[in-house]
Structure formats: C-alpha cells, structure tokens
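Q: Going by the working numbering, the first residue of the sequence shown is number 63, and it counts up by one from there. For every residue, glycine included, the Cβ atom is placed at its ideal position computed from N, Cα and C.
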Amino acid sequence: MRATGSPATTPDAPWADVRDRLRERGLRWTPQRRTLIEVLFRTDGHVTGAELVERCREIDPGTIPSTVYRTLDVLEELGLLSHSHGADGREEFHVLPATEHGHLYCRACGGQWELDSDDRSVVAAVEAFDEGRGFAVDVSHIALIGTCAACRAATAASPA
Ligand SMILES: [Zn+2]
Ligand SMILES: [Zn+2]
Ligand SMILES: [Zn+2]
C-alpha cells in the first residue's frame, strides 16, 4: 500500500534514489519527470501510458507524451515498474513492489481479476508448460480472455 499525501518525500525504499538512478541512465531530473514520479506514487493497481500522460497533464499541461513513455521504459529497466497487457493488448503498468500476477478478463462484462502466481491454476499451467515444452511462462504476461462465472450463469438463465 502506498500512502497518499506527500509521497515524494517518503517514497517506498526501491524508489528512494530514483532521481539518481534516472540520472545514471542519462535522463535529466526535469519538472516533467518529477511530475510523472509523483503521479506514479499516487497510482495503485494498473495504469496505461495514455492514462499516465493524462494525469501528468492535469498537473503540468505541457507534458510531452514521448518524455513520459521514454521515462516509463527506463523505470521498467531499473525494475521500478513492470507491465502486463490488457484485454486489448495495450501495455498496463504496475508500480513496484507488486507481486507478480497474471490477469483474467471477462469479455461479457468487462470485469478483470488478478491471478496470483501461487494460484492453483497458474501453478499447474506453469508446471505443465515447463514439463511439456521446457517453456518458462512469464506469469506477468498471462492474460486470459473469456467469460466469468456470473456472466455464464446469466446467459444460462436467459433463453437465447
Ligand atoms: Zn509485454
Ligand atoms: Zn463477466
Ligand atoms: Zn495486474
């Protein structure tokens, strides 16, 4: 859980030296980057690059999307963000530390659920791909699209 309030002054440990780490990667510490970091601290769950650009623009109307995307790439290389893919394939960012997980999307109601890496079905799938193909599944990239139990029940109850 990330506290709201003045996040930039009390960041979670992995983010404490983000400014120096960005500098080491050749990115200057500009007001735009500071705004993005502040927005990320206030973000819980999943957020797309476009949503981050929007939120930065609310604070700084001069936000340049390419700067945001470039900074997101570097933050991911630094291990401070990870991405997965939404039902439409778009990248969705997770602010770390977050536990690795996949996602389920319901096509009918648009619902989405997180699949923990120790979920029984995930463990079974990872093992099956490992044993069957020698393939190591990246759990954060599991994105399954289907129909949730509630929607299936609703469909079954009403005649087509
Ligand atoms: Zn990806
Ligand atoms: Zn559903
Ligand atoms: Zn997620």
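1) Where do the ends of the alpha helix (DSSP H) carrying residue 154 lie?
2) For the beta strand (DSSP E) containing residue 205, name the first residue and the last one.
3) Between which two residues does the beta strand (DSSP E) harbouring residue 178 extend?
4) What number of angstroms, rounded off, separates the C-alpha of residue 120 from the C-alpha of residue 97?
5) With respect to 7 Å, is the separation between the Cβ of residue 148 and the closest non-hydrogen atom of ligand 2 below this value?
6) From which residue to which residue does the alpha helix (DSSP H) around residue 164 run?
7) Go ahead and pull the three-state DSSP assignment for residue 258.
A: This is what the structure gives:
1) Taking the first residue of the sequence shown as 1, we reach residue 154 at position 92. From DSSP, residue 154 is part of no alpha helix (DSSP H) but of the beta strand (DSSP E) over 153 to 157.
2) To locate residue 205, count along the sequence shown from 1; it is residue 143. Here the beta strand (DSSP E) through residue 205 covers 205 to 208.
3) Stepping through the sequence shown from its first residue, residue 178 is reached at position 116. Taken as a continuous stretch (DSSP letters only), the beta strand (DSSP E) holding residue 178 covers 174 to 178.
4) Taking the sequence shown and counting its residues from 1, the one referred to as residue 120 is at position 58. Taking the sequence shown and counting its residues from 1, the one referred to as residue 97 is at position 35. Roughly 10 Å between the two C-alpha positions.
5) Here residue 148 is taken as the residue at index 86 of the sequence shown, counted from 1. Not under cutoff, so the answer is no.
6) The residue labelled residue 164 in the question sits at position 102 within the sequence shown. Premise fails: residue 164 lies in the beta strand (DSSP E), 163 to 168, not in any alpha helix (DSSP H).
7) Since the first residue shown for the chain is 63 and the last is 222, residue 258 is missing from the structure and cannot be characterised.
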